[in-house]
Amino acid sequence: MPALKDIATQIRRDIVRMVHGCASGHPGGSLGCTEYFTALYFKVMQHNPQFSMEARNEDVFILSNGHISPVFYSTLARAGYFDVKELSTFRKIDSRLQGHPATHEHLPGIRIASGSLGQGMSVALGVALSKKLNGEKNVVYSLHGDGELDEGQNWEAIMFAAHNKVDNLISTIDWNGQQIDGPTDKVLALGDLNAKFTAFGWDVMVLEKGNDIDAVVAGLEQAKSRLGKGKPVAILMKTVMGAGVDFMEGHHEWHGIAPNDEQLAKALAQLPETIGDY
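All you need for my numbering is the position in the sequence shown, starting with 1, plus 2.
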């Protein structure tokens with residue numbers, strides 16, 4: 003298998019090419035979460051690219067902030083769920099790779115439709131409880147945006163998870179401090195997230211280097227070691243919006259716009275082809 007850093011670089015390259023190719027999409031959060039997806043699918047998670055919706059005896063990943071579909075699609079393709087050439091169809095007519103993942107397209111690796119924000123943790127809880135009922139020891143992972151926590155359904159789910167001791171769940175918050183309308187502190191300040199999750203009864207970890215692949219792998223492995231003790235685990239993962247492309251880094255404007263030809267060339271110059279373009 004190629005080195006994880008090489009995989010992450012290629013995924014970033016895929017992201018900017020996909021979004022440029024259809025002149026729409028969400029590159030900022032996708033680039034910021036590249037290490038998380040790479041660590042999860044190529045190192046930490048037990049999963050089977052011979053996809054089945056039932057996911058018997060394997061780990062499950064639920065993406066809540068579905069607008070970062072470019073990083074999800076690239077990861078799935080690079081992990082063998084479908085041909086990488088299909089990435090060229092992103093957001094185009096009759097493509098299975100919609101702007102937000104959808105199950106009716108029957109794209110391998112997609113288990114829920116996620117475009118409406120705030121719903122992923124509720125789904126992840128259902129999966130995690132089903133695993134428990136089935137006697138399976140597998141882990142359920144979910145990913146959420148920090149701006150997405152503005153949605154009240156998250157806090158109902160966070161409360162439910164602790165009350166029901168859903169201790170086979172690792173929910174990660176992409177804590178980049180940016181959302182579509184600006185910095186989270188200006189749109190709706192989140193306050194002390196660590197204290198909030200702790201008060202709601204979760205086991206909380208802060209991952210300071212969410213764009214360092216070794217740190218992310220270690221953080222996910224540590225989170226796994228804390229499961230099975232009566233509490234769900236939350237990872238507050240600090241990332242940089244647009245990580246890996248210098249002119250996109252830290253700017254909320256790149257939440258949902260595509261690079262033009264000149265910007266694409268500048269981005270690709272920073273992201274050398276490592277394991278082959280689609």
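Even for Gly, the Cβ is constructed at its ideal location relative to N, Cα and C.
Worksheet entry | Thr276 beta carbon less than 9 Å from that of Asp8 | Remark: C-beta atoms of Asp8 and Thr276 approach each other more closely than 9 Å.
Item to complete: Please state whether DSSP places Met161 in a helix, a strand or coil.
Response: Met161: helix per DSSP, three-state reduction.
Worksheet item: Between the C-alpha atoms of Glu37 and Asp194, what's the straight-line distance to the nearest angstrom?
Response: For Glu37 and Asp194, the gap between their C-alpha atoms comes out near 24 Å.
Item to complete: Indicate the three-state DSSP secondary structure (helix, strand or coil) for Thr200 in the structure shown.
Response: When secondary structure is reduced to three states using DSSP, Thr200 falls in the helix class.
Fill in: Nearest candidate by alpha-carbon position, reference Glu60, set Ile237, Val46, Ile114
That would be Val46, whose Cα lies nearest to the Cα of Glu60.
Discussion item. With the cut-off set at 9 Å, would you say Leu78 and Thr91 are in Cβ contact?
Written reply: Contact check for Leu78 against Thr91 fails: the beta carbons are separated by 9 Å or more.
Item to complete: Run the CB neighbour count on Leu190, radius 10 Å, all protein chains shown included, and call it buried at 16 or more, exposed below.
Response: Around the Cβ of Leu190, a 10 Å sphere holds fewer than 16 other Cβ atoms; the residue is exposed.
Discussion item. In whole angstroms, give me the CA-to-CA distance for His22 and Ala245.
Written reply: His22 and Ala245: Cα-Cα distance of roughly 17 Å.
Discussion item. On the criterion of 16 or more Cβ atoms from any shown chain inside 10 Å, does Lys133 qualify as buried, or is it exposed?
Written reply: By the neighbour-count criterion, in which a residue is buried when 16 or more other Cβ atoms sit within 10 angstroms of its Cβ, Lys133 is buried.
Fill in: Distance, Tyr75 Cα to Leu89 Cα
Put simply, the backbone Cα of Leu89 is about 7 Å away from that of Tyr75.
Worksheet entry | Residues of its chain near Asn262, where Cβ-Cβ distance is below 6 Å and the 5 sequence neighbours each way are ignored | Taking Asn262 as the centre and dropping the five residues before and after it, the same chain places no C-beta closer than 6 Å to its C-beta.
Worksheet item: In this structure, what does DSSP give as the bridge partners for Gly147?
Response: Answer is Asp176.
Worksheet item: Below 9 Å between beta carbons: does that hold for Gly232 and Lys139?
Response: No, they are not a contact pair.
Discussion item. Quick check: what's the CA-CA separation for Lys87 versus Thr200?
Written reply: The straight-line gap from Cα to Cα measures roughly 44 Å.
Worksheet item: What are the boundary residues of the alpha helix (DSSP H) that Met250 is part of?
Response: No alpha helix (DSSP H) holds Met250; DSSP gives it neither H nor E.
Item to complete: Determine the burial state of Ala25: buried for a count of at least 16 other Cβ atoms within 10 Å of its Cβ, exposed for fewer.
Response: With fewer than 16 Cβ atoms within 10 Å of its Cβ, Ala25 is classed as exposed.
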